[in-house]
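In numbering that gives the first Met the number 0, the protein residues as written are 0 to 472.
Think of the CB as a built atom: it goes at the ideal place given N, C-alpha and C, for glycine as much as any other residue.
The structure appears right after this line, and notes come after that.
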Amino acid sequence: MNSEIADQIEDIGVENYLELQQHKSMLRFLTCGSVDDGKSTLIGRLLHDSAQIYEDQLAALKSDSLKMGTTGNEIDLALLVDGLVAEREQGITIDVAYRYFSTSKRKFIIADTPGHEQYTRNMATGASTCDLAIILIDARYGVQVQTKRHSFIASLLGIKHFVVAINKMDLVDHDQSTYEKIRSDYQEFVAGLGERDVQFVPMSALNGDNVVNASQKMPWYQGDTLLSMLETVKLTNDISENGARFPVQYVNRPNLDFRGFCGTLAAGTLSVGDKITVLPSGKKSTIKSIVTFDGELTTASQGQAVTLTLNDEVDVSRGDMIVTGQLPFVSQGAKAKLVWMDEKPLQLNRQYDLKIASKKTQVTINNIEHLINVNTLKKEAATELALNEVGSVELQFAERLAFDLYSDVRDTGGFILIDRLTNVTIAAGMIEESVSIESNNAQYSDFEIEFNALIRKNYPHWQALDISALTRK
Numbered sequence: 000m001n002s003e004i005a006d007q008i009e010d011i012g013v014e015n016y017l018e019l020q021q022h023k024s025m026l027r028f029l030t031c032g033s034v035d036d037g038k039s040t041l042i043g044r045l046l047h048d049s050a051q052i053y054e055d056q057l058a059a060l061k062s063d064s065l066k067m068g069t070t071g072n073e074i075d076l077a078l079l080v081d082g083l084v085a086e087r088e089q090g091i092t093i094d095v096a097y098r099y100f101s102t103s104k105r106k107f108i109i110a111d112t113p114g115h116e117q118y119t120r121n122m123a124t125g126a127s128t129c130d131l132a133i134i135l136i137d138a139r140y141g142v143q144v145q146t147k148r149h150s151f152i153a154s155l156l157g158i159k160h161f162v163v164a165i166n167k168m169d170l171v172d173h174d175q176s177t178y179e180k181i182r183s184d185y186q187e188f189v190a191g192l193g194e195r196d197v198q199f200v201p202m203s204a205l206n207g208d209n210v211v212n213a214s215q216k217m218p219w220y221q222g223d224t225l226l227s228m229l230e231t232v233k234l235t236n237d238i239s240e241n242g243a244r245f246p247v248q249y250v251n252r253p254n255l256d257f258r259g260f261c262g263t264l265a266a267g268t269l270s271v272g273d274k275i276t277v278l279p280s281g282k283k284s285t286i287k288s289i290v291t292f293d294g295e296l297t298t299a300s301q302g303q304a305v306t307l308t309l310n311d312e313v314d315v316s317r318g319d320m321i322v323t324g325q326l327p328f329v330s331q332g333a334k335a336k337l338v339w340m341d342e343k344p345l346q347l348n349r350q351y352d353l354k355i356a357s358k359k360t361q362v363t364i365n366n367i368e369h370l371i372n373v374n375t376l377k378k379e380a381a382t383e384l385a386l387n388e389v390g391s392v393e394l395q396f397a398e399r400l401a402f403d404l405y406s407d408v409r410d411t412g413g414f415i416l417i418d419r420l421t422n423v424t425i426a427a428g429m430i431e432e433s434v435s436i437e438s439n440n441a442q443y444s445d446f447e448i449e450f451n452a453l454i455r456k457n458y459p460h461w462q463a464l465d466i467s468a469l470t471r472k
């Protein structure tokens, strides 16, 4: 156990300590950047210097470090989060690794994401739930293409707080001019991403300079350490001001006397007696009770998993959304930013599965408005999206959907696309605008539409041939 924690428990008692832990604020952040910028080493150093590694973990880490032989007799802190055999053999991060730690001021969940371009989709997955991004930059090489790509994707996914950690300063003799040049280059790029809270810190993750403890080797830097930045960054509450959003995940009907709607509150608050609307049907009712495993509540807030019962017998199914306040959009079309994650490029007018909140349906991409160049942030014409490219597209859903703009509510404005044959996630999207779609297929079911399309594709058509009847004999 951490000696600081032990002292605190001794001073205030176990119950008071646990109560204090429950009411600490939580910061979710990720490390990202180019290949071999030191992301895993940074997390290991952060945990080690803040005394968050248990003795048995430290002993295993020492043994693994000697076995791998990558750092001589020193501990390889990157092994703390690089757990896969392939990661340890190659010295790279492949999958997203999550770590939890806590200080006296705040609780943290870290997502260590890969830097290789082919694993950009893993980075986007890690960023989707984070409040802050640590962008690592190798002081020897400066701002790279992958640095820009990860920063851009992080901004697309709604992350407003960036800490730019200029790492490996020990390899450039802790030179201030190198730090200032990289800082200037990044500021020039990030200005195109809109309003962002950006902080910079020069450091050496390997040696621990300016990670948890201030460095004596860079007296020209008078700013905060990385940990101090993480502990003090001010987070805004993203609860929607427009009202509550409750995507229904499951209809619970254990007996004739109970019919509840289960889900996690994506935004806002719900209270017993609130007037609600069920979308996309538009049916209205009021909340009769809010049920949890521990008993009934009078109010539920964002992030809580609850079961709602209503005072009226209205039709509510999995994928519907129960809302209050200002209604979200209900449409069969939308414009969205799309991050393509598949080796096969996007195909226009092909059906994909779409999952938004708890709703799964089919979608067709009718048009690519433009591709976004991650180096210049300029819009370019495109007819397809390749792996790791980002573009603005027009979507047509197979049915009317209820959704918000991603900038308002992440959970009901963000979606993924799934290949219908392989069931692989091939894209992540953020809705920017609702579009009115006039469909001529309203009188047909989805099955009839697909069946008729299949018949048209495979039915034999008459063709003109140059072979005469005599030739055929």
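1. Does the count of Cβ pairs from the region 391–405 and the region 324–338 closer than 8 Å reach three?
2. Does the beta-carbon distance from H369 to A385 come in below 8 Å?
3. Residue range of the beta strand (DSSP E) that I415 falls in?
4. Quick one: grab the DSSP three-state call for D36.
5. Straight-line CA distance for G475 to V408?
6. Could you check if T40 is buried or exposed, using at least 16 other CB atoms within 10 Å of its CB as the buried criterion?
7. Based on Cα-Cα distance, which residue from R120, G207, L26, S433 lies nearest to D403?
8. Pick helix, strand or coil for V313, following the three-state DSSP scheme.
9. Less than 8 Å between the C-beta atoms of N212 and T231, yes or no?
10. Please report the distance separating the alpha-carbon of F446 from that of Y351.
11. Where are the beta strand (DSSP E) runs, 3 residues long or more, that stay fully inside the region 189–272, in chain order?
12. With DSSP run on the structure shown, which of helix, strand or coil describes F328?
13. How is the beta strand (DSSP E) around S101 delimited, first residue to last?
14. Would you say L29 and F107 are within 8 Å of each other, going by their C-beta atoms?
15. Identify the continuous alpha helix (DSSP H) that holds K147 and give its terminal residues.
16. According to DSSP, is H47 helix, strand or coil?
17. Can you tell which of V362, V247, L45, K38 has its C-alpha closest to the C-alpha of G207?
18. Identify every residue that forms a DSSP beta bridge with Y351.
19. My understanding is that I425 touches L416, with C-beta atoms under 8 Å, so please give their C-beta distance in whole angstroms.
20. Between the C-alpha atoms of N372 and L337, what's the straight-line distance to the nearest angstrom?
21. Could you please give the first and the last residue of the uninterrupted beta strand (DSSP E) stretch that includes R399?
22. Could you work out which residue in S300, L309, M217 is closest to D256 when comparing CA atoms only?
23. Per DSSP, what kind of secondary structure is A356 in: helix, strand or coil?
24. Is DSSP giving V434 helix, strand or coil here?
25. Taking just the CA atoms, how far does V313 sit from E398?
26. Give the secondary structure of R27 by DSSP, where H, G and I count as helix, E and B as strand, and everything else as coil.
27. Terminal residues of the continuous alpha helix (DSSP H) containing T276?
28. If the criterion is Cβ atoms closer than 8 Å, does the pair M340 and R120 meet it?
29. In three-state terms, what does DSSP make of V171?
30. Which whole-angstrom value describes the C-beta separation of T102 and S24, a residue pair presumed to lie in contact below a C-beta threshold of 8 Å?
31. Return the residue from the list K358, N348, K359 that minimises the CA-CA distance to N366.
32. With the cut-off set at 8 Å, would you say G247 and G318 are in Cβ contact?
33. Hey, how far is the Cα of Y405 from the Cα of K287?
34. Skipping 5 residues on each side, what residues in its chain have a beta carbon closer than 6 Å to that of K104?
35. Would you mind working out which of G267, Q145, V315, A265 sits nearest S284, comparing C-alpha positions?
36. Under a three-way DSSP split, which group does M122 fall into?
A quick look at the data gives this:
1. yes
2. Against the sequence shown, residue 369 aligns to sequence position 370. Against the sequence shown, residue 385 aligns to sequence position 386. Taking the C-beta atoms as reference points, A385 is found no nearer than 8 Å to H369.
3. For the purposes of this step, residue 415 is identified with residue 416 of the sequence shown, where counting begins at 1. 413–417 is the span of the beta strand (DSSP E), which, as asked, contains I415.
4. For the purposes of this step, residue 36 is taken as residue 37 along the sequence shown, with counting starting at 1. Coil, per DSSP.
5. Nothing can be reported for residue 475, as the shown portion of the chain is limited to 0 through 472.
6. Counting from 1 along the sequence shown, the entry for residue 40 is found at position 41. When all chains shown are included, T40 counts as buried.
7. As a first step, residue 403 must be located in the sequence shown, where it is residue number 404. For D403, the nearest C-alpha among the options comes from S433.
8. The residue labelled residue 313 in the question sits at position 314 within the sequence shown. The answer is coil: DSSP assigns V313 none of H, G, I, E or B.
9. Looking up residue 212 in the sequence shown gives position 213. Looking up residue 231 in the sequence shown gives position 232. No, the pair does not count as a contact, with Cβ atoms beyond the cut-off.
10. Stepping through the sequence shown from its first residue, residue 446 is reached at position 447. Stepping through the sequence shown from its first residue, residue 351 is reached at position 352. Bear in mind that a pLDDT of 43 at F446, under 50, signals an unreliable position, so the number given afterwards is only what the model happens to contain. Rounded to whole angstroms, F446 to Y351 spans 15 Å at the Cα level.
11. 196–201, 244–246, 249–254, 257–263, 268–270
12. Locating residue 328 in the sequence shown gives position 329, counting from the first residue. In the structure shown, F328 sits in a strand (DSSP, three-state: E or B).
13. Numbered from 1 along the sequence shown, position 102 holds the residue referred to as residue 101. It spans 96–101 - the beta strand (DSSP E) in which S101 sits, taken as one unbroken run.
14. The count along the sequence shown starts at 1 and reaches residue 29 at position 30. The count along the sequence shown starts at 1 and reaches residue 107 at position 108. Going by C-beta atoms, L29 is not nearer than 8 Å to F107.
15. Translated into the one-based positions of the sequence shown, residue 147 becomes position 148. K147 -> alpha helix (DSSP H) spans 144–155.
16. Here residue 47 corresponds to residue number 48 of the sequence shown, with the count starting at 1. In the three-state reduction of the DSSP assignment, H47 falls in the helix class.
17. What you label residue 207 is simply residue 208 of the sequence shown in a count that begins at 1. Checking every option, the nearest Cα to that of G207 belongs to L45.
18. On the sequence shown, residue 351 is found 352 positions in, with the first residue counted as 1. According to DSSP, Y351 bridges with V362.
19. The residue labelled residue 425 in the question sits at position 426 within the sequence shown. The residue labelled residue 416 in the question sits at position 417 within the sequence shown. Taking C-beta atoms under 8 Å as the contact rule, I425 and L416 qualify, at a distance of about 5 Å.
20. By one-based count along the sequence shown, residue 372 stands at place 373. By one-based count along the sequence shown, residue 337 stands at place 338. Taking the straight line joining both Cα atoms gives about 13 Å.
21. Looking up residue 399 in the sequence shown gives position 400. Segment 389–402, the beta strand (DSSP E) holding R399.
22. For the purposes of this step, residue 256 is taken as residue 257 along the sequence shown, with counting starting at 1. Checking every option, the nearest Cα to that of D256 belongs to L309.
23. Working through the sequence shown from its first residue, we reach residue 356 at position 357. In this structure, A356 counts as coil in the three-state DSSP scheme.
24. By one-based count along the sequence shown, residue 434 stands at place 435. Correct three-state label for V434: strand.
25. Numbered from 1 along the sequence shown, position 399 holds the residue referred to as residue 398. Numbered from 1 along the sequence shown, position 314 holds the residue referred to as residue 313. Straight-line Cα distance between these residues: approximately 20 Å.
26. Counting from one through the sequence shown, the residue named residue 27 turns up at place 28. If DSSP states are grouped into helix, strand and coil, R27 belongs with the strands.
27. The residue given as residue 276 occupies position 277 in the sequence shown. Run containing T276: none in the alpha helix (DSSP H); it sits in the beta strand (DSSP E), 274–278.
28. As a working note, residue 340 is residue 341 in the sequence shown. As a working note, residue 120 is residue 121 in the sequence shown. Contact: yes.
29. By one-based count along the sequence shown, residue 171 stands at place 172. It is helical.
30. If you number the sequence shown from 1, residue 102 lands on position 103. If you number the sequence shown from 1, residue 24 lands on position 25. Contact doesn't hold; Cβ gap of about 11 Å is too wide.
31. Start at 1 with the first residue of the sequence shown, and residue 366 comes out as number 367. The shortest Cα separation from N366 among K358, N348, K359 belongs to N348.
32. Within the sequence shown, numbered from 1, the residue matching residue 247 stands at position 248. Within the sequence shown, numbered from 1, the residue matching residue 318 stands at position 319. The sequence given here places Val at residue 247; Gly does not occur at that position. Yes, the Cβ-Cβ distance between V247 and G318 is below 8 Å.
33. Taking the sequence shown and counting its residues from 1, the one referred to as residue 405 is at position 406. Taking the sequence shown and counting its residues from 1, the one referred to as residue 287 is at position 288. Looking at the two C-alpha atoms, the distance is approximately 30 Å.
34. Position 105 of the sequence shown, counted from the first residue, corresponds to residue 104. Closer than 6 Å at Cβ, skipping near neighbours: E230.
35. Position 285 of the sequence shown, counted from the start, is the residue given in the question as residue 284. For the residues G267, Q145, V315, A265, the minimum Cα distance to S284 belongs to V315.
36. On the sequence shown, position 123 is the one that residue 122 refers to. If DSSP states are grouped into helix, strand and coil, M122 belongs with the helices.
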